[in-house]
Amino acid sequence: MKIINKHNFFATGCVIFTMLMLGKLVLEFLMQGLFENYQQNILMMFLLSFLATFVLSQHYRFQKYPLLLVIAGQYVLLIALVMFITWLSGRTEPLHKDAYRDMFLSFTIPYFIGVVIYYGAVFHEIGRANRTLQELKSHRKEEDEKAE
(Lines of atoms letter the chains of each structure in order from A and count residues from 1; the text may use other names and numbers.)
(Lines give C-alpha, C1' and ligand atoms only; values in the text may rest on other atoms or scores of the structure.)
Protein backbone atom coordinates (compact mmCIF):
# COMPACT_ATOMS: atom_id res chain seq x y z
CA MET A 1 0.00 0.00 0.00
CA LYS A 2 1.35 3.41 -0.97
CA ILE A 3 1.16 6.02 1.76
CA ILE A 4 2.33 8.85 -0.48
CA ASN A 5 0.53 8.97 -3.80
CA LYS A 6 -0.27 11.47 -6.52
CA HIS A 7 -3.24 12.83 -4.55
CA ASN A 8 -1.31 13.71 -1.39
CA PHE A 9 2.24 14.16 -2.71
CA PHE A 10 2.25 17.96 -2.68
CA ALA A 11 0.51 18.21 0.70
CA THR A 12 2.92 15.67 2.20
CA GLY A 13 5.88 17.62 0.83
CA CYS A 14 4.50 20.83 2.33
CA VAL A 15 4.02 19.22 5.74
CA ILE A 16 7.55 17.80 5.71
CA PHE A 17 9.00 21.15 4.62
CA THR A 18 7.09 22.95 7.39
CA MET A 19 8.24 20.48 10.03
CA LEU A 20 11.86 20.79 8.88
CA MET A 21 11.68 24.59 8.79
CA LEU A 22 10.16 24.82 12.27
CA GLY A 23 12.73 22.33 13.58
CA LYS A 24 15.51 24.41 12.05
CA LEU A 25 14.22 27.56 13.72
CA VAL A 26 14.02 25.86 17.12
CA LEU A 27 17.51 24.38 16.76
CA GLU A 28 18.97 27.74 15.71
CA PHE A 29 17.38 29.40 18.71
CA LEU A 30 18.60 26.71 21.10
CA MET A 31 22.13 26.63 19.70
CA GLN A 32 22.67 30.34 19.05
CA GLY A 33 20.35 31.83 21.63
CA LEU A 34 19.19 34.39 19.09
CA PHE A 35 15.73 34.95 17.69
CA GLU A 36 16.31 37.13 14.65
CA ASN A 37 13.93 38.94 12.30
CA TYR A 38 13.89 36.25 9.63
CA GLN A 39 13.02 33.63 12.26
CA GLN A 40 10.18 35.84 13.53
CA ASN A 41 8.95 36.36 9.97
CA ILE A 42 8.91 32.64 9.21
CA LEU A 43 7.04 31.87 12.44
CA MET A 44 4.59 34.69 11.71
CA MET A 45 3.95 33.27 8.22
CA PHE A 46 3.37 29.84 9.76
CA LEU A 47 0.98 31.26 12.36
CA LEU A 48 -0.98 33.31 9.83
CA SER A 49 -1.16 30.38 7.40
CA PHE A 50 -2.41 28.15 10.19
CA LEU A 51 -5.02 30.70 11.30
CA ALA A 52 -6.23 31.34 7.75
CA THR A 53 -6.52 27.62 7.07
CA PHE A 54 -8.48 27.12 10.28
CA VAL A 55 -10.86 30.00 9.57
CA LEU A 56 -11.46 28.83 5.98
CA SER A 57 -12.09 25.30 7.18
CA GLN A 58 -14.97 26.54 9.34
CA HIS A 59 -17.06 27.76 6.37
CA TYR A 60 -19.45 24.80 6.67
CA ARG A 61 -20.69 26.16 10.00
CA PHE A 62 -22.09 29.21 8.19
CA GLN A 63 -23.84 27.53 5.25
CA LYS A 64 -27.12 29.27 6.04
CA TYR A 65 -25.52 32.66 5.26
CA PRO A 66 -24.65 34.02 1.80
CA LEU A 67 -21.20 32.89 0.68
CA LEU A 68 -19.91 36.42 0.03
CA LEU A 69 -20.93 37.44 3.55
CA VAL A 70 -19.10 34.43 4.99
CA ILE A 71 -15.96 35.18 2.94
CA ALA A 72 -16.08 38.85 3.98
CA GLY A 73 -16.56 37.90 7.63
CA GLN A 74 -13.67 35.46 7.52
CA TYR A 75 -11.43 38.08 5.93
CA VAL A 76 -12.40 40.83 8.39
CA LEU A 77 -11.70 38.51 11.32
CA LEU A 78 -8.30 37.50 9.96
CA ILE A 79 -7.16 40.97 8.89
CA ALA A 80 -8.17 42.26 12.33
CA LEU A 81 -5.95 39.55 13.87
CA VAL A 82 -3.09 40.49 11.55
CA MET A 83 -3.38 44.15 12.46
CA PHE A 84 -3.65 43.32 16.17
CA ILE A 85 -0.50 41.16 15.98
CA THR A 86 1.25 44.00 14.13
CA TRP A 87 0.14 46.44 16.82
CA LEU A 88 1.35 44.07 19.55
CA SER A 89 4.75 43.69 17.90
CA GLY A 90 4.97 47.49 17.78
CA ARG A 91 4.78 47.51 21.57
CA THR A 92 8.06 45.58 21.83
CA GLU A 93 10.02 47.02 18.91
CA PRO A 94 9.71 49.97 16.55
CA LEU A 95 7.67 49.43 13.39
CA HIS A 96 8.45 50.80 9.96
CA LYS A 97 6.18 53.69 8.96
CA ASP A 98 4.52 51.43 6.35
CA ALA A 99 4.24 48.35 8.59
CA TYR A 100 0.44 48.24 8.65
CA ARG A 101 0.16 48.75 4.89
CA ASP A 102 2.81 46.12 4.26
CA MET A 103 1.12 43.60 6.56
CA PHE A 104 -2.24 44.36 4.94
CA LEU A 105 -0.86 43.66 1.46
CA SER A 106 1.32 40.74 2.54
CA PHE A 107 -1.73 39.03 4.02
CA THR A 108 -4.54 40.14 1.70
CA ILE A 109 -3.05 39.12 -1.64
CA PRO A 110 -2.09 35.53 -0.72
CA TYR A 111 -5.28 35.14 1.31
CA PHE A 112 -7.54 35.97 -1.61
CA ILE A 113 -5.56 33.67 -3.89
CA GLY A 114 -6.08 30.96 -1.27
CA VAL A 115 -9.80 31.79 -1.01
CA VAL A 116 -10.26 31.40 -4.75
CA ILE A 117 -8.44 28.06 -4.73
CA TYR A 118 -10.24 26.81 -1.59
CA TYR A 119 -13.77 27.74 -2.60
CA GLY A 120 -13.08 26.61 -6.17
CA ALA A 121 -12.20 23.19 -4.74
CA VAL A 122 -15.32 23.24 -2.53
CA PHE A 123 -17.57 23.99 -5.51
CA HIS A 124 -15.81 21.33 -7.57
CA GLU A 125 -16.45 18.74 -4.84
CA ILE A 126 -20.08 19.85 -4.54
CA GLY A 127 -20.47 19.44 -8.29
CA ARG A 128 -18.97 15.94 -8.15
CA ALA A 129 -21.24 14.98 -5.28
CA ASN A 130 -24.29 16.31 -7.15
CA ARG A 131 -23.37 14.37 -10.29
CA THR A 132 -22.93 11.19 -8.25
CA LEU A 133 -26.28 11.78 -6.57
CA GLN A 134 -27.97 12.29 -9.95
CA GLU A 135 -26.43 9.06 -11.24
CA LEU A 136 -27.67 7.17 -8.19
CA LYS A 137 -31.16 8.64 -8.57
CA SER A 138 -31.35 7.75 -12.25
CA HIS A 139 -30.01 4.25 -11.56
CA ARG A 140 -32.61 3.76 -8.82
CA LYS A 141 -35.36 5.06 -11.10
CA GLU A 142 -34.31 2.55 -13.77
CA GLU A 143 -34.38 -0.27 -11.20
CA ASP A 144 -37.81 0.80 -9.99
CA GLU A 145 -39.12 0.86 -13.59
CA LYS A 146 -37.73 -2.65 -14.20
CA ALA A 147 -39.34 -3.94 -11.00
CA GLU A 148 -42.79 -2.73 -12.11
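Residue numbers (the working numbering): 215 to 362.
Glycine included, C-beta positions come from ideal geometry on N, C-alpha and C.
Inset, instruction - List the whole-angstrom C-beta distance separating Ala286 from Tyr325, where the pair is believed to meet the contact cut-off of C-beta under 8 Å. - result: Position 72 of the sequence shown, counted from the first residue, corresponds to residue 286. Position 111 of the sequence shown, counted from the first residue, corresponds to residue 325. Actually they do not touch by this definition, with Cβ atoms about 12 Å apart.
Inset, instruction - Label Leu262 either buried or exposed according to how many other C-beta atoms from any shown protein chain fall within 10 Å of its C-beta, with 16 as the threshold for buried. - result: Here residue 262 is taken as the residue at index 48 of the sequence shown, counted from 1. It counts as buried.
Legend entry - Between the CA atoms of Asn222 and Cys228 - distance to the nearest angstrom: To locate residue 228, count along the sequence shown from 1; it is residue 14. To locate residue 222, count along the sequence shown from 1; it is residue 8. Cys228 and Asn222: Cα-Cα distance of roughly 10 Å.
Inset, instruction - Evaluate Met160 with the Cβ neighbour count: other Cβ atoms within 10 Å of its Cβ, from every protein chain shown; 16 or more gives buried, anything less gives exposed. - result: Residue 160 lies beyond the range of the chain shown here (215 to 362); nothing can be said about it.
Legend entry - Ile218 in three-state terms, based on DSSP: In the sequence shown, the residue the question calls residue 218 occupies position 4. Reduced to three states, the DSSP call for Ile218 is coil.
Legend entry - Lys355 to His338 span [Cα, whole Å]: To locate residue 355, count along the sequence shown from 1; it is residue 141. To locate residue 338, count along the sequence shown from 1; it is residue 124. Answer to the nearest angstrom: the Cα atoms are 26 Å apart.
Inset, instruction - Give the secondary structure of Lys278 by DSSP, where H, G and I count as helix, E and B as strand, and everything else as coil. - result: Here residue 278 corresponds to residue number 64 of the sequence shown, with the count starting at 1. Looking at Lys278 - three-state DSSP - the assignment turns out to be coil, as it is neither helix nor strand.
Inset, instruction - Kindly indicate which three-state DSSP category Gln272 falls into: helix, strand or coil? - result: Working through the sequence shown from its first residue, we reach residue 272 at position 58. Reduced to three states, the DSSP call for Gln272 is coil.
Inset, instruction - Would you mind reading off the limits of the alpha helix (DSSP H) that contains Gly227? - result: Residue numbering aside, residue 227 sits at position 13 when the sequence shown is read from its first letter. Its alpha helix (DSSP H) spans residues 223-246.
Legend entry - Three-state secondary structure assigned by DSSP to His338: Position 124 of the sequence shown, counted from the start, is the residue given in the question as residue 338. Looking at His338 - three-state DSSP - the assignment turns out to be helix.
Legend entry - Minimum C-alpha distance to Thr300 - residue among Gly328, Leu283, Phe276, Gln254: For the purposes of this step, residue 300 is identified with residue 86 of the sequence shown, where counting begins at 1. Ranking the options by Cα distance to Thr300, first place goes to Gln254.
Inset, instruction - Taking 8 Å as the cut-off, decide whether the C-beta atoms of Leu302 and Gln288 are in contact. - result: Working through the sequence shown from its first residue, we reach residue 302 at position 88. Working through the sequence shown from its first residue, we reach residue 288 at position 74. In this structure, Gln288 does not lie closer than 8 Å to Leu302 by Cβ.
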